[in-house]
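Positions 360 to 694 (the working numbering) are the ones given, in order, by the sequence shown. C-beta atoms are modelled at their ideal positions from N, C-alpha and C, and glycine is treated no differently. Predicted, not measured: the structure shown is a model, and the values here were computed from it. Have a look at the structure below, then the notes.
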Amino acid sequence: MLISRKEESTITAFVQEIPFLQQQAIRAGNDNLEFVIVPDWGSNLISLVDQRSRHPLLRVPHSAEEFWETPVLYGTPILFPPNRIEDGRFSYGGRDYQLDVNEKEHHNHIHGFVHTRKWKVIKAEAEGEHAVVVTQFDSADHGEVTRQFPHHFILRMTYALEGSSLDKTAEVWNRGTDPLPLGLGFHTTFNFPEETAQFSLTAAKRWRLNSRLLPTGELEEIPYKKVMQTGMSLKGIPLDDVYLSGGDSGAANEAALWLQSAGVEIRYRVDSHFKHWVVYNFDGHHGFLCPEPYTWVTNAPNLELPPSLTGFQELKPEESRMFKTNITVSNRPKR
């Protein structure tokens, strides 16, 4: 079903409801980019295609069963909060929290409450070359969330497409009576052919991790920092590393992927709330790369470090906060 479409000059934006792997989804696009969101899969931006090259930019599952095997490794899962919490426990504001331990191997909670639950579509419309889709998650509708995280919050995602640029804006409202601890991230999973692709990131330092993949609290130099900032091959380089962003030094807070075989460059830029990046590619031989922007570092509530470093934030009752990210795609000659 076509929800909205308006032609202007030679550029046509559209928004429509479609089936996607037996799920109801929203498909939107223009002459430059096309994307698909699955509301029931955590409002996952599951597909993003460069229309000019017809190249799929995100890793897309072939079936619903494949998606549910590893839901954080397809599309752009929304992490609230992001990454690991040691033993699922932390204390804040006079309250002890116990989150479900869903990473059995390391006995941690991982990746929060919203990326596998159903969201609602609030808005879907197109005009000219501009398309907008808005989705919303209300914790009051999810008892399994408030059991672990006893706060009433609303998380709203706005996906706004114009030309070859996609803005993804998250807004969080605290609708409860107590301050809530706030951390947000995106497990963005791009297709990345290691044989030919290059990656760059504005990172300042690397967090040292223990055997449970939790920060020790120490920062270390990045041995390949200069080449990472200009563009490097990741062929055969396994990564599950946590970086302190270099965006505070005046550089753009961004990751970039140069997909030479497709002639596509992706710039993934985020605002100053995102103080950290995780970069994950399994073993460097699986054809995908996850540059993950985080507002707080892994296990932030349990680190005895200043919030200005960890990114730990507090959201007061009836307060809201916006977090902005952008994916811009450009075409270059293939190599």
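- CA-CA distance, residue 462 to residue 571, rounds to 10 Å.
- Rounded to the nearest whole angstrom, the C-alpha separation of residue 459 and residue 497 is 19 Å.
- DSSP places residue 656 outside both helix and strand once states are collapsed to three, so it counts as coil.
- Residue environment for residue 658: buried (at least 16 other C-beta atoms within 10 angstroms of its C-beta).
- Runs of the beta strand (DSSP E) lying entirely within the segment 381 to 453, each at least 3 residues long, are 382 to 388, 392 to 397, 403 to 409, 443 to 445 and 448 to 451 in chain order.
- Under a 10 Å Cβ-count criterion, residue 434 is classified as buried, with 16 or more other Cβ atoms of the shown protein chains found around its own Cβ.
- DSSP places residue 667 within a helical segment (H, G or I) once states are collapsed to three.
- Each of 380, 681 and 455 was checked against the Cα of residue 509, and the nearest Cα belongs to 455.
- With distances taken between CA atoms, residue 600 lies nearest to 442 out of 418, 426 and 442.
- For the 7 Å CB-CB criterion, residue 407 and residue 396 do not form a contact.
- According to DSSP, residue 579 shares a beta bridge with 565.
- Look at residue 680 here: in three-state DSSP terms it is strand.
- Per DSSP, residue 503 is one residue of the alpha helix (DSSP H) stretching across 502 to 507.
- Here residue 528 is bridged, per DSSP, to 517 and 683.
- Counted as a single uninterrupted DSSP element, the stretch harbouring residue 494 is not any alpha helix (DSSP H) but the beta strand (DSSP E) occupying residues 489 to 497.
- Look at residue 371 here: in three-state DSSP terms it is strand.
- Taking residue 615 as reference, the option from 636, 597 and 595 with the minimal CA-CA separation is 636.
- Across the structure, residue 415 and residue 452 are spaced so that their CA atoms are roughly 44 Å apart.
- Nearest to residue 373 by C-alpha distance, out of 383, 394 and 444, is 394.
- Taking all protein chains shown into account, residue 527 has 16 or more neighbouring C-beta atoms within 10 Å of its C-beta and is therefore buried.
- Closest in alpha carbon position to residue 500, among 483, 581 and 479, is 479.
- In the structure shown, the three-state DSSP call for residue 594 is coil.
- Judged by DSSP in its simplified three-state form, residue 473 adopts coil rather than helix or strand.
- The Cβ-Cβ distance between residue 676 and residue 533 falls below 7 Å.
- Rounded to the nearest angstrom, the gap between the Cα atoms of residue 515 and residue 652 is 18 Å.
- For residue 402, the number of other beta carbons within 10 angstroms of its own is at least 16, and it is reported as buried.
- The three-state reading of DSSP puts residue 606 in helix, counting H, G and I together.
- Residue pairing by DSSP places residue 378 opposite 383 in a beta bridge.
- Out of 562, 427 and 568, the CA that lies nearest to the CA of residue 583 is found in 562.
- Nearest C-alpha to residue 440 among 428, 468 and 612: 468.
- Between residue 644 and residue 553 a beta carbon distance of about 7 Å is seen, short of the 8 Å cut, so the two are scored as contacting.
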